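Undergrad: Residue 404 in the working numbering sits at position 389 of the sequence shown, and the numbers go up by one each step.
We put the beta carbon where it would ideally sit given N, CA and C, even for glycine.
Every value quoted in this text rests on a predicted model; they were computed, and no experiment measured them.
Following this message is one structure expressed as structure tokens.
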Amino acid sequence: MSIDVAAVRSHFPALQGGAAHFDGPGGTQVPTPVADAVHAALVAPMANRGSTTQAERNADDVVLAARQAVADLVGGRPGGVVFGRSATVLTYDLARTLSAGWGPGDEVVVTRLDHDANVRPWVQAAERAGATVRWAGFDPATGELTAADVAAVVTDATRLVAVTGASNLIGTRPPLPEIAGVAHAAGALLHVDGVHLTAHAPVDLAELGCDTFTCSPYKFLGPHCGALVADPEFLATLHPDKLLPSTDAVPERFELGTLPYELLAGTTAAVDFLAGLGAGATRRERLRTGMAALEEHEDALRASLEASLAALPGVTLWSRAARRTPTLLVTFEGRDAADAYRFLAARGVNAPAGSFYALECSRWLGLGDTGGLRIGLAPYSDSGDVDRLLEALRAFLA
Ligand SMILES: Cc1ncc(COP(=O)(O)O)c(C=O)c1O
Numbered sequence: 016m017s018i019d020v021a022a023v024r025s026h027f028p029a030l031q032g033g034a035a036h037f038d039g040p041g042g043t044q045v046p047t048p049v050a051d052a053v054h055a056a057l058v059a060p061m062a063n064r065g066s067t068t069q070a071e072r073n074a075d076d077v078v079l080a081a082r083q084a085v086a087d088l089v090g091g092r093p094g095g096v097v098f099g100r101s102a103t104v105l106t107y108d109l110a111r112t113l114s115a116g117w118g119p120g121d122e123v124v125v126t127r128l129d130h131d132a133n134v135r136p137w138v139q140a141a142e143r144a145g146a147t148v149r150w151a152g153f154d155p156a157t158g159e160l161t162a163a164d165v166a167a168v169v170t171d172a173t174r175l176v177a178v179t180g181a182s183n184l185i186g187t188r189p190p191l192p193e194i195a196g197v198a199h200a201a202g203a204l205l206h207v208d209g210v211h212l213t214a215h216a217p218v219d220l221a222e223l224g225c226d227t228f229t230c231s232p233y234k235f236l237g238p239h240c241g242a243l244v245a246d247p248e249f250l251a252t253l254h255p256d257k258l259l260p261s262t263d264a265v266p267e268r269f270e271l272g273t274l275p276y277e278l279l280a281g282t283t284a285a286v287d288f289l290a291g292l293g294a295g296a297t298r299r300e301r302l303r304t305g306m307a308a309l310e311e312h313e314d315a316l317r318a319s320l321e322a323s324l325a326a327l328p329g330v331t332l333w334s335r336a337a338r339r340t341p342t343l344l345v346t347f348e349g350r351d352a353a354d355a356y357r358f359l360a361a362r363g364v365n366a367p368a369g370s371f372y373a374l375e376c377s378r379w380l381g382l383g384d385t386g387g388l389r390i391g392l393a394p395y396s397d398s399g400d401v402d403r404l405l406e407a408l409r410a411f412l413a
């Protein structure tokens, strides 16, 4: 399969604004079917979930459809899909619930590669429980986080390992199945932050081997909400804080308050849009083939962009891992990345500068809290965008 980028682009009204968008890792642009689905949910009769009125059934249908869609996207089960405001909130909620069982002598492993959303909730929960935090470093020269890096800090006391599926700053994709092996051999849980990964590659939770996984639809063409995916049987063993009158069923007991039905309708539409990039008898199969085709498209574009970046004077590329997403972090000798960001923006090229909440990663690379210029490819990125970026960068460096 290959991606017809022109056809993909035709579905994105925002692209008519004229900018070349390399800001997808912060949140992608949205195709028309997603906006239409949000609108349709908002104007349809809608009430709290139930089975008596049409409005109640509409809400129920929207939620069940979105659980199935996210399950199809990541190879999970719909009964294990929890929706929330964001991956950050869901991770804090999960950390609060899990850490109720932690105490002094227990250990939690976080990494220097991760976005702070998969660091601070665990660090703060561990501190509150009196548990010890251990840090897995990575090789700044290669950008690789290996299973050995994680194994070096895992002990028999480790209760949980939190690691990213892919770095939102430098794209590195750690070897999750191997890391799952390390965590599970020690009797620990593995939580994977899949927010960046899910936008760029086929995901199969069984292959990855994690116990809990987060993703955020607004990173993969959908609306602003988050999802946590786990085995429903595992969720059934957890008892989050919840209101007394709200249901104790799984996964609902993890969803605090009323769900954003319109955003869930948009989430289903985003998954359907991605499935539309592939082929196969089931949506899961279309997603696997579609995301594989997308990965190939983005990898090819990344390779040509990288070759051109390497030819620019004074540019350092920090994205170096053998296996990674098309997310490039660059810095400029003697020039601020923030200046490049503004220079590009004035020319209709959107590539922001910063550390993008991957604070530990930026510091570990020696880039302090400043980070660099992040160039992220998305399903709608094309060679025209790349040409515009390179032209603007050459002008910046001239
Ligand atoms: C890798 C990664 N993890 C977590 C998050 C936080 O996601 P959310 O905004 O849904 O809380 C982001 C957002 O940029 C991210 O890139």
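Go ahead and pull the three-state DSSP assignment for S122.
TA: As a position in the sequence shown, residue 122 is number 107, starting the count at 1. In the sequence as presented, Ser is not what sits at residue 122; that position holds Glu. E122: strand per DSSP, three-state reduction.
Undergrad: On the three-state DSSP scale, how would you describe Q65?
TA: In the sequence shown, the residue the question calls residue 65 occupies position 50. The displayed chain sequence assigns Gly, not Gln, to residue 65. Of the three classes helix, strand and coil, the one that applies to G65 here is coil, per DSSP.
Undergrad: Which two residues bound the contiguous beta strand (DSSP E) that contains L344?
TA: Here residue 344 is taken as the residue at index 329 of the sequence shown, counted from 1. Element bounds for L344: 342 to 347.
Undergrad: Using beta-carbon positions only, say whether F288 and T43 come within less than 8 Å of one another.
TA: Position 273 of the sequence shown, counted from the start, is the residue given in the question as residue 288. Position 28 of the sequence shown, counted from the start, is the residue given in the question as residue 43. The answer is no: Cβ separation not under 8 Å.
Undergrad: Evaluate N73 with the Cβ neighbour count: other Cβ atoms within 10 Å of its Cβ, from every protein chain shown; 16 or more gives buried, anything less gives exposed.
TA: The residue labelled residue 73 in the question sits at position 58 within the sequence shown. Buried, by the Cβ-count rule.
Undergrad: Verify the contact flag: F371, CB atom, against every heavy atom of ligand 1, threshold strictly below 7 Å.
TA: The residue given as residue 371 occupies position 356 in the sequence shown. True, at least one ligand heavy atom lies under 7 Å from that Cβ.
Undergrad: Could you give the uninterrupted runs of the alpha helix (DSSP H) lying entirely in the stretch 147 to 187, keeping only those of 4 residues or more?
TA: Taking only runs of at least 4 residues, the alpha helix (DSSP H) segments lying wholly in the stretch 147 to 187 are 162 to 166.
Undergrad: Mapping the DSSP letters down to three states, classify V134 as helix, strand or coil.
TA: Here residue 134 refers to the residue found at position 119 of the sequence shown. The answer is coil: DSSP assigns V134 none of H, G, I, E or B.
Undergrad: Tell me which residues share the same chain as T147 and place their Cβ nearer than 6 Å to its Cβ, disregarding the 5 neighbours each side in the sequence.
TA: Here residue 147 refers to the residue found at position 132 when the sequence shown is read from its first residue. Closer than 6 Å at the Cβ level, and outside the excluded window around T147, lie E122.
Undergrad: In whole angstroms, what is the alpha-carbon distance linking G202 and A393?
TA: For this step, residue 202 is matched to residue 187 along the sequence shown. For this step, residue 393 is matched to residue 378 along the sequence shown. Whole-angstrom Cα-Cα distance: 37 Å.
Undergrad: Using a 10 Å radius around the Cβ and a threshold of 16 neighbouring Cβ atoms, would you call Q83 buried or exposed?
TA: Taking the first residue of the sequence shown as position 1, residue 83 is located at position 68. Buried, because 16 or more other Cβ atoms sit within 10 Å of the Cβ of Q83.
Undergrad: Are the Cβ atoms of H130 and N183 separated by less than 8 Å?
TA: The residue labelled residue 130 in the question sits at position 115 within the sequence shown. The residue labelled residue 183 in the question sits at position 168 within the sequence shown. Contact: yes.
Undergrad: When burial is assigned at 16 or more other CB atoms within 10 Å of the CB, is L292 buried or exposed?
TA: Within the sequence shown, numbered from 1, the residue matching residue 292 stands at position 277. Label assigned to L292: buried.
Undergrad: If you reduce the DSSP assignment to three classes, tell me which class C376 lands in.
TA: As a first step, residue 376 is located in the sequence shown; it is residue number 361 there, counting from the start. Three-state result, C376: helix.
Undergrad: Report the residue from Y395, A366, G295 whose alpha carbon sits nearest the alpha carbon of D87.
TA: Counting from 1 along the sequence shown, the entry for residue 87 is found at position 72. Closest option to D87, Cα to Cα, is G295.
Undergrad: 8 Å is my cut-off, CB to CB: does T342 come that close to chain D?
TA: In summary, chain D is missing from the structure at hand, where a single protein chain is found.
Undergrad: State yes or no: is the C-beta of Y276 within less than 8 Å of the C-beta of V20?
TA: As a working note, residue 276 is residue 261 in the sequence shown. As a working note, residue 20 is residue 5 in the sequence shown. No, Cβ-Cβ distance for Y276 and V20 is not below 8 Å.
Undergrad: Apply the 10 Å Cβ neighbour rule to F371 and answer buried if 16 or more other Cβ atoms are within range, or exposed otherwise.
TA: Position 356 of the sequence shown, counted from the start, is the residue given in the question as residue 371. When all chains shown are included, F371 counts as buried.
Undergrad: Would the C-beta of G41 count as close to ligand 1, meaning under 7 Å from any of its heavy atoms?
TA: Counted from its first residue, the sequence shown places residue 41 at position 26. Correct: G41 has its Cβ closer than 7 Å to ligand 1.
Undergrad: So what does G369 bridge to, in DSSP terms?
TA: For the purposes of this step, residue 369 is taken as residue 354 along the sequence shown, with counting starting at 1. The partner list for G369 (beta bridge, DSSP) reads G387.
Undergrad: Determine the DSSP secondary structure at A285, reduced to helix, strand or coil.
TA: One-based indexing of the sequence shown puts residue 285 at position 270. Here A285 sits in helix by DSSP.
Undergrad: Please identify the residue among W379, A355, W333 whose C-alpha is closest to the C-alpha of W412.
TA: Sequence index remark: in the sequence shown, residue 412 carries index 397 (1-based). For the record, residue 412 in the displayed sequence is Leu; it is not Trp. Minimum Cα distance to L412 is reached at A355.
Undergrad: On a Cα-Cα basis, can you pick out the residue from L405, A410, L332 that is closest to P155?
TA: Stepping through the sequence shown from its first residue, residue 155 is reached at position 140. Comparing Cα-Cα distances from P155 to each of L405, A410, L332, the minimum goes to L332.
Undergrad: Would you list the one or two residues that DSSP bridges to A242?
TA: For this step, residue 242 is matched to residue 227 along the sequence shown. The partner list for A242 (beta bridge, DSSP) reads F98, C230.
Undergrad: Does the distance between the C-beta of N365 and the nearest non-hydrogen atom of ligand 1 fall short of 7 Å?
TA: Locating residue 365 in the sequence shown gives position 350, where the first residue counts as 1. No, the Cβ of N365 stays beyond 7 Å of every heavy atom of ligand 1.
Undergrad: Answer with buried or exposed for A368, where buried requires no fewer than 16 other C-beta atoms within 10 angstroms of its C-beta.
TA: As a first step, residue 368 is located in the sequence shown; it is residue number 353 there, counting from the start. It is buried - the Cβ of A368 has at least 16 other Cβ atoms within 10 Å.
Undergrad: How is the beta strand (DSSP E) around V218 delimited, first residue to last?
TA: Your numbering for residue 218 matches position 203 in the sequence shown. Per DSSP, V218 belongs to no beta strand (DSSP E) and is neither H nor E.
Undergrad: Between H130 and ligand 1, is there a pair consisting of the residue's CB and a ligand heavy atom that are separated by less than 7 Å?
TA: For the purposes of this step, residue 130 is taken as residue 115 along the sequence shown, with counting starting at 1. Yes - ligand 1 has a heavy atom lying nearer than 7 Å to the Cβ of H130.
Undergrad: Excluding the five sequence neighbours on either side, which residues of its own chain have a C-beta within less than 6 Å of the C-beta of A29, listed in chain order?
TA: Residue mapping note: residue 29 aligns to position 14 of the sequence shown, counting from 1. Excluding residues within five positions, the ones whose Cβ falls inside 6 Å are Q44.
Undergrad: Can you tell me the Cα-Cα spacing of S114 and N365, whole angstroms?
TA: Position 99 of the sequence shown holds residue 114. Position 350 of the sequence shown holds residue 365. Each residue's alpha carbon lies about 40 Å from the other.
Undergrad: Cβ-heavy atom distance between A151 and ligand 1 below 7 Å?
TA: Here the question's residue 151 lines up with position 136 in the sequence shown. It does not: the Cβ of A151 is nowhere closer than 7 Å to a heavy atom of ligand 1.
Undergrad: For a test of the three-state rule: what should DSSP assign to H206, helix, strand or coil?
TA: Along the sequence shown, read from residue 1 onward, the residue named residue 206 stands at position 191. Strand.
Undergrad: What does T331 pair with, by DSSP beta-bridge criteria?
TA: Your numbering for residue 331 matches position 316 in the sequence shown. In the DSSP output, where bridge partners are listed per residue, T331 has T346.
Undergrad: Provide the residue span of the alpha helix (DSSP H) that contains M16, from first to last.
TA: Sequence index remark: in the sequence shown, residue 16 carries index 1 (1-based). Here M16 belongs to no alpha helix (DSSP H), and DSSP marks it neither H nor E.
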